[in-house]
Structure formats: structure tokens, C-alpha cells
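Asks: In our numbering, the protein residues as written are 28 to 236.
Using N, Cα and C, we set each Cβ at its ideal position, and we do this for glycine too.
Keep in mind that this is a model prediction, so the values were computed, not measured.
(1) To which residues does DSSP link residue 97 through a beta bridge?
(2) Mind checking whether residue 222 and residue 78 have CB atoms under 8 Å apart?
(3) Give the DSSP-derived three-state secondary structure of residue 193 in the structure shown.
(4) Can you look up residue 187 in the DSSP assignment and give me helix, strand or coil?
(5) Is residue 153 buried or exposed, if buried means 16 or more other CB atoms sit within 10 Å of its CB?
(6) Should residue 145 go down as buried or exposed, given a rule of 16 or more other Cβ atoms within 10 Å for buried?
(7) Which residue marks the beginning of the alpha helix (DSSP H) containing residue 56, and which one marks its end?
(8) For residue 194, I'd like the list of residues in its chain whose CB is within less than 6 Å of its CB, leaving aside the five on either flank, ordered along the chain.
(9) Suppose contacts are defined by Cβ-Cβ distances below 8 Å. Is residue 118 in contact with residue 181 by that definition?
(10) Got a sec, what are the start and stop residues for the alpha helix (DSSP H) residue 80 sits in?
(11) Tell me, which residues are paired with residue 177 by DSSP?
(12) Output needed for residue 86: all residues of its chain with C-beta closer than 6 Å, excluding positions within five of it in sequence on either side, in chain order.
(13) Quick check on the DSSP output: the alpha helix (DSSP H) that includes residue 157 runs from which residue to which?
(14) Looking at the unbroken beta strand (DSSP E) that takes in residue 138, where does it start and where does it end?
(15) Report yes or no: do three or more beta-carbon pairs, one from the stretch 101–112 and one from the stretch 155–172, lie closer than 8 Å?
(16) Between the stretch 201–215 and the stretch 43–61, do three or more beta carbon pairs fall short of 8 Å?
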């Protein structure tokens, strides 16, 4: 079985966009040394729950270990100080899940739910999770990340992280707003605190966080 994917999930508030460009150029060199692709960054999006920073990045690596190696690499270690004086952020490296039915059509832009959760009542959360399966499946959603290994390397996010991929941004929005998902969401009230961003993905291309 192939290695599980790894992901960088990054949220940033950039204070000096012009100076930040030097980091982007240096980070692109680091990313070029590793097998990775940019799934979503600074596109059409809606923050539907909680509070997350203004910029976001979702980057996929061939494995969790590869994602960690890129962050720890000499190339990215040189890039990171070019970012930090000009931004504040949260940076999570997380392991994906095994999905034998994963789509191989990488060129069509997808839609993504990026979800961060603090669970208050585990039993009620499981009731919500079971109820959400049908509406998520109805709109073609599938998990990229759910309860795998993770390392918070910068900043602070909620304890759990999930990423779901949908066939399109519109499908991702329609699923959230559907009657079926809204019924499931009511079961979550008081059982968890969440931050949730729905983002339009990118066609397959290189890029920097």
C-alpha cells in the first residue's frame, strides 16, 4: 500500500505584502525539492464558522514524512525567516487517510472544507459524525485528512483537524448549506467548537505558501 499523503495547512495574516514576496520566492525553491502540489491558496472562499486568518494554504505531499522533511529542509529553513517578520500565522503538518477510491483527475479545480475542532462531548460528536456521512457523500465529499498524525510547528489551532475534498467549490458550499447537513450540524451544537473555511481549489500547478 502506498504511503499516506501529508499536508501543510497554513493560515497567515501578512503585515508587509511587498516584503513577503521574498519569502514566496525562497519557499518555491524549497517546494521544488520535494514531491508536492498546491491544492488551495488565496482563492474564492467563505469562513462559515469560527475565526481563521486572512490567508490560507493547503499543500499536499507524497507522505507525512515528506511534508515534515520539507519544513525541516535547509531550503525551507532559509526561507522561513523571510516570512516571520512580515506575517503571523498558524502552521500545521498533518497526515492524510487511505482512500482507495481517490480521484485521479488533478487538473479540475476542487472545493475544500478545512475544519479545526475542539471536541467538548465525544459521544454527541460521534452522533453528528454519523449523521453527516450521508449528506457529505451525496455531494461527492471525501476525507483527505481525519485524525492522523499531526505536528503544530507554528502558532496554535484547535486540537483536531479535518480536510474534505469535493468535486467543485460549488459542491462544497451546496453540501454545507443542504438540509441534510444542516440537520447533522444541529446535532453538533454544544458538542464542539469549530473553525471552518470552504475554499476553491487550484488546478495542478507549482507555487509557494
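Replies: Answer, in terms of the structure:
(1) Translated into positions along the chain shown, residue 97 becomes position 70. Paired residues: none, contrary to the question.
(2) Along the chain shown, read from residue 1 onward, the residue named residue 222 stands at position 195. Along the chain shown, read from residue 1 onward, the residue named residue 78 stands at position 51. Yes, they are a contact pair.
(3) Sequence index remark: in the chain shown, residue 193 carries index 166 (1-based). Strand at residue 193.
(4) Residue mapping note: residue 187 aligns to position 160 of the chain shown, counting from 1. Three-state result, residue 187: strand.
(5) Residue 153 sits at position 126 when you count from the first residue of the chain shown. Residue environment analysis places residue 153 among the exposed positions, since fewer than 16 neighbouring C-beta atoms fall within 10 angstroms of its C-beta.
(6) On the chain shown, residue 145 is found 118 positions in, with the first residue counted as 1. Result: exposed.
(7) Locating residue 56 in the chain shown gives position 29, where the first residue counts as 1. Per DSSP, residue 56 belongs to the alpha helix (DSSP H) from 44–59.
(8) Taking the first residue of the chain shown as 1, we reach residue 194 at position 167. By the criterion of a C-beta distance shorter than 6 Å, residue 194 is surrounded in its chain by 167, once the five residues flanking it on both sides are discounted.
(9) As a working mapping, residue 118 is identified with position 91 in the chain shown. As a working mapping, residue 181 is identified with position 154 in the chain shown. In this structure, residue 118 sits near residue 181, with a CB-CB distance shorter than 8 Å.
(10) For the purposes of this step, residue 80 is identified with residue 53 of the chain shown, where counting begins at 1. Careful: residue 80 lies outside any alpha helix (DSSP H) and carries neither H nor E.
(11) In the chain shown, counting from the first residue as 1, residue 177 sits at position 150. 121.
(12) Counting from 1 along the chain shown, the entry for residue 86 is found at position 59. Closer than 6 Å at Cβ, skipping near neighbours: 35, 63, 65.
(13) Counting from 1 along the chain shown, the entry for residue 157 is found at position 130. Residue 157 -> alpha helix (DSSP H) spans 149–165.
(14) By one-based count along the chain shown, residue 138 stands at place 111. 138–146 is the span of the beta strand (DSSP E), which, as asked, contains residue 138.
(15) The stretch 101–112 vs the stretch 155–172: no contact.
(16) The stretch 201–215, when compared against the stretch 43–61, does not touch it at the 8 Å Cβ threshold.
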